[in-house]
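Q: Just dropping this structure here.
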Amino acid sequence: MRGWLVALMLLAAPVWAVEPGEMLKDPALEERARELSKGLRCPVCRNESIDESNAELAADLRLLVRERLVAGDSDQEALDFIVGRYGEYVLLRPGLGGSALILWIAGPLALLAALALGWRVIRGRGGSPEEAALTPEEEARLRDLLKE
Amino acid sequence: MNKAVVFIPAGVFGALAGLFLVGLMRDDPDALPSALVGQDVPEITSEALAGYATFDSSVLREDGVKVVNFWASWCPPCRAEHPALMELAAEGVPIYGVNKSDQGGDAVGFLEELGNPYAAITVDLRGRQSLDWGVVALPETFIVDGEGVVRFRFAGPIHGVMESTILPELEAAGR
Chain Z
13 MRGWLVALML LAAPVWAVEP GEMLKDPALE ERARELSKGL RCPVCRNESI DESNAELAAD
73 LRLLVRERLV AGDSDQEALD FIVGRYGEYV LLRPGLGGSA LILWIAGPLA LLAALALGWR
133 VIRGRGGSPE EAALTPEEEA RLRDLLKE
Chain C
2 MNKAVVFIPA GVFGALAGLF LVGLMRDDPD ALPSALVGQD VPEITSEALA GYATFDSSVL
62 REDGVKVVNF WASWCPPCRA EHPALMELAA EGVPIYGVNK SDQGGDAVGF LEELGNPYAA
122 ITVDLRGRQS LDWGVVALPE TFIVDGEGVV RFRFAGPIHG VMESTILPEL EAAGR
């Protein structure tokens with residue numbers, strides 16, 4: 013009984029929004045479509061991919077991806093087709109081009125800047141200052157103190 | 002130590018504060034840029050709504066500024082913006098309507114009840130043409146110039162932004 017429950021729970025885990033009627037008959041093409049769908053943002057529910065979203069637009073876009081693949085597009089061509097209509101925003105993993113370049117290089121650049129700044133501050137501090145010799149008055153006072 | 006280093010944190014803070022200020026002052030932080038602005042109009046095939054004139058993309062490449070409006074009878078904001086479209090039409094701006102996924106006589110019922118602002122209408126029953134225009138949610142309004150280039154796109158009902166956005170953009174497009 014418990015074994016059955018566990019098995020059912022495991023079965024319930026991977027639930028996607030893809031509806032049976034949308035799937036392609038060719039398993040290889042369907043697999044590619046699923047992979048592409050996972051990388052495309054749904055413009056309605058912005059933090060979900062079109063593979064996860066139940067929005068009507070996501071369903072339309074899933075069909076569009078499949079339509080392009082059936083028409084003989086490569087993965088990149090199919091993505092470009094959608095980006096040409098909805099903009100780079102729909103890519104959950106944006107490429108290196110365009111404004112996304114700023115996002116990619118901002119992190120490493122900030123790290124380098126911080127390291128450079130830290131290095132300068134530490135260098136500027138230098139070693140501990142030279143110990144100045146005691147003045148004659150100080151030496152006299154020191155002797156007095158040691159005598160006591 | 003170089004004294005200028007002291008000012009770097011203040012400078013970084015100032016730059017961030019400036020960035021946040023600009024970000025917070027945006028009219029609509031949820032607005033997405035359209036990939037279409039500056040591009041030639043996507044293809045539209047004509048599919049007539051019974052009893053109304055229809056159009057295809059060749060009409061959008063003719064002289065003069067025009068408006069393309071995506072709408073449906075089932076979309077409440079479309080109903081809300083409808084008077085603004087009537088107003089534009091009365092001023093002589095040709096408005097081309099793309100009706101999306103309406104069932105039976107719903108679209109005709111909507112126009113008979115509220116009036117028809119559209120110079121011509123095409124029906125996009127399966128939503129395929131809306132995808133070509135990058136439409137996310139109805140209503141959406143595009144301004145197309147005399148060369149058939151999309152100059153502006155507004156997502157959402159236009160009745161609140163006529164003076165501030167739509168009319169100036171029509172002017173900028175060459176009207």
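In order, the protein sequences belong to chains Z and C.
Just so we're aligned, residue 13 is where the first sequence starts under the numbering used here, counting upward by one.
Just so we're aligned, residue 2 is where the second sequence starts under the numbering used here, counting upward by one.
We put the CB at the ideal spot given by N, CA and C, even for glycine.
(1) From what residue to what residue does the alpha helix (DSSP H) around E141 (chain C) run?
(2) Using DSSP with H/G/I as helix, E/B as strand and the rest coil, what is G107 (chain Z)?
(3) Taking C-beta pairs closer than 7 Å, name the residues in chain Z that A16 (chain C) reaches, listed in chain order.
(4) According to DSSP, simplified to helix, strand and coil, what is Y53 (chain C)?
(5) Just to confirm, is the Cβ distance from N100 (chain C) to A73 (chain C) under 8 Å?
(6) DSSP three-state label for D38 (chain Z), please.
(7) Can you grab the Cα-Cα spacing for the pair V66 (chain C) / A11 (chain C), in whole Å?
(8) So is I96 (chain C) buried or exposed if we call it buried at 16+ other beta carbons inside 10 Å?
(9) If you compare alpha carbons, which of Z:A83, Z:V82, Z:R46, Z:L81 is closest to S65 (chain Z)?
(10) Do G116 (chain C) and Y98 (chain Z) have their CB atoms nearer than 8 Å?
(11) For F71 (chain C) and P140 (chain C), which I take to be in contact (beta-carbon distance under 8 Å), what is that distance rounded to the nearest angstrom?
(12) Name the one or two DSSP bridge partners that L20 (chain C) has.
(13) In the DSSP assignment, find the beta strand (DSSP E) that holds G161 (chain C) and state where it starts and stops.
(14) From D146 (chain C) to V94 (chain C), what does the alpha carbon distance come to, in whole angstroms?
(15) The alpha helix (DSSP H) spanning R132 (chain Z) covers which residue range?
(16) What residue range is occupied by the uninterrupted alpha helix (DSSP H) comprising V82 (chain Z)?
(17) Just the chain Z side, please: which residues come within less than 8 Å of L132 (chain C) by C-beta, in chain order?
(18) May I ask which residues mark the beginning and end of the alpha helix (DSSP H) holding D63 (chain Z)?
(19) Pick out whichever of Z:L75, Z:E31, Z:K37, Z:P39 has its Cα sitting closest to the Cα of P52 (chain Z).
(20) Using the Cα positions of P26 (chain Z) and D63 (chain Z), report the straight-line distance between them to the nearest angstrom.
(21) Quick one: does P26 (chain Z) have its CB under 8 Å from some CB of chain C?
(22) Provide the residue span of the alpha helix (DSSP H) that contains Y101 (chain Z), from first to last.
(23) Show which residues of chain C have a CB atom less than 7 Å away from the CB atom of L69 (chain Z).
(24) Identify, in the order they occur along the chain, each residue of the same chain with its Cβ nearer than 8 Å to the Cβ of E48 (chain C), setting aside the five sequence neighbours on each side.
(25) Out of Z:I94, Z:R132, Z:L127, state which residue places its alpha-carbon closest to the alpha-carbon of R55 (chain Z).
(26) Using the DSSP secondary-structure output, state which residues sit across from I167 (chain C) in a beta bridge.
(27) Taking the beta carbon of S59 (chain C) as the centre, do at least 16 other beta carbons fall within 10 Å, making it buried, or is it exposed?
(28) From C:G149, C:A108, C:E170, C:P158, pick the residue whose C-alpha is nearest to that of D64 (chain C); which is it?
(29) At a Cβ threshold of 8 Å, is P120 (chain Z) touching chain C?
(30) With 8 Å as the limit, tell me which residues of the stretch 5-37 of chain C have their beta carbon closer than that to any beta carbon of chain Z; keep them in chain order.
(31) Is the shortest distance between the beta-carbon of G52 (chain C) and the beta-carbons of chain Z less than 8 Å?
(32) Give, in chain order, every residue of the stretch 30-62 of chain Z whose Cβ lies closer than 8 Å to some Cβ of chain C.
(33) Taking A126 (chain Z) as the reference, give the member of C:I9, C:A5, C:D57 with the closest Cα.
A: According to the data block:
(1) For E141 (chain C), no alpha helix (DSSP H) encloses it; the enclosing beta strand (DSSP E) starts and ends at 141-145.
(2) DSSP places G107 (chain Z) outside both helix and strand once states are collapsed to three, so it counts as coil.
(3) The contact set of A16 (chain C) on chain Z, defined by CB atoms closer than 7 Å, is empty, because the minimum CB distance reaches about 12 Å.
(4) Look at Y53 (chain C) here: in three-state DSSP terms it is coil, with no helix or strand label.
(5) Between N100 (chain C) and A73 (chain C), the C-beta gap is smaller than 8 Å, which places the two residues in contact.
(6) Coil at D38 (chain Z), not helix or strand.
(7) Our two residues, V66 (chain C) and A11 (chain C), have alpha carbons roughly 49 Å apart in a direct line.
(8) A residue is called buried once 16 or more other Cβ atoms fall within 10 Å of its Cβ, and I96 (chain C) is buried on that count.
(9) The candidate whose alpha carbon is nearest that of S65 (chain Z) is Z:R46.
(10) Contact: no.
(11) Correct: roughly 6 Å between the Cβ atoms.
(12) Beta-bridge partners assigned by DSSP to L20 (chain C): none are found.
(13) Membership of G161 (chain C) in any beta strand (DSSP E) is not indicated, and neither H nor E is assigned to it by DSSP.
(14) Approximately 12 Å, taken between the alpha carbons.
(15) 112-137 is the extent of the alpha helix (DSSP H) around R132 (chain Z).
(16) Residue range 68-82 is occupied by the alpha helix (DSSP H) that includes V82 (chain Z).
(17) Residues of chain Z passing the Cβ test: D72, L73, L76, R97.
(18) First-last for D63 (chain Z): undefined, no H or E at that position.
(19) At residue 52 (chain Z) the sequence reads Leu, which differs from the Pro that was named. The residue with the shortest Cα to Cα distance from L52 (chain Z) is Z:L75.
(20) The pLDDT assigned to P26 (chain Z) is 48, lower than 50, so where the model puts this residue is not dependable; a value taken from the coordinates is nonetheless given after this. The C-alpha of P26 (chain Z) lies about 12 Å from the C-alpha of D63 (chain Z).
(21) For P26 (chain Z), the predicted model reports a pLDDT of 48, less than 50, meaning its position is unreliable; a value from the coordinates is still stated below. Answer no: the Cβ-Cβ gap between P26 (chain Z) and chain C never drops below 8 Å.
(22) Neither: Y101 (chain Z) is in no alpha helix (DSSP H) and is coded neither H nor E.
(23) Residues of chain C with a Cβ closer than 7 Å to the Cβ of L69 (chain Z) are, in chain order, V137.
(24) Excluding its 5 nearest sequence neighbours in each direction, E48 (chain C) has C-beta neighbours in its own chain below 8 Å: T55, T123, V124, D125, L126, listed in chain order.
(25) The residue you asked about is not Arg; residue 55 (chain Z) is Pro in the sequence shown. Of all alpha-carbon atoms in Z:I94, Z:R132, Z:L127, the one lying nearest the alpha-carbon of P55 (chain Z) is that of Z:I94.
(26) DSSP links I167 (chain C) through a beta bridge to no other residue.
(27) Label assigned to S59 (chain C): exposed.
(28) Considering only alpha carbons, the answer is C:G149.
(29) With 8 Å as the cut-off, P120 (chain Z) does not count as an interface residue toward chain C.
(30) Answer set for the stretch 5-37 of chain C: V6, I9, L33, P34, S35, A36, L37.
(31) Using a CB distance cut-off of 8 Å, G52 (chain C) does not count as an interface residue toward chain Z.
(32) Only those residues of the stretch 30-62 of chain Z whose C-beta falls short of 8 Å from the nearest C-beta of chain C are listed: P55, V56.
(33) Of the listed residues, the one whose Cα sits closest to A126 (chain Z) is C:I9.
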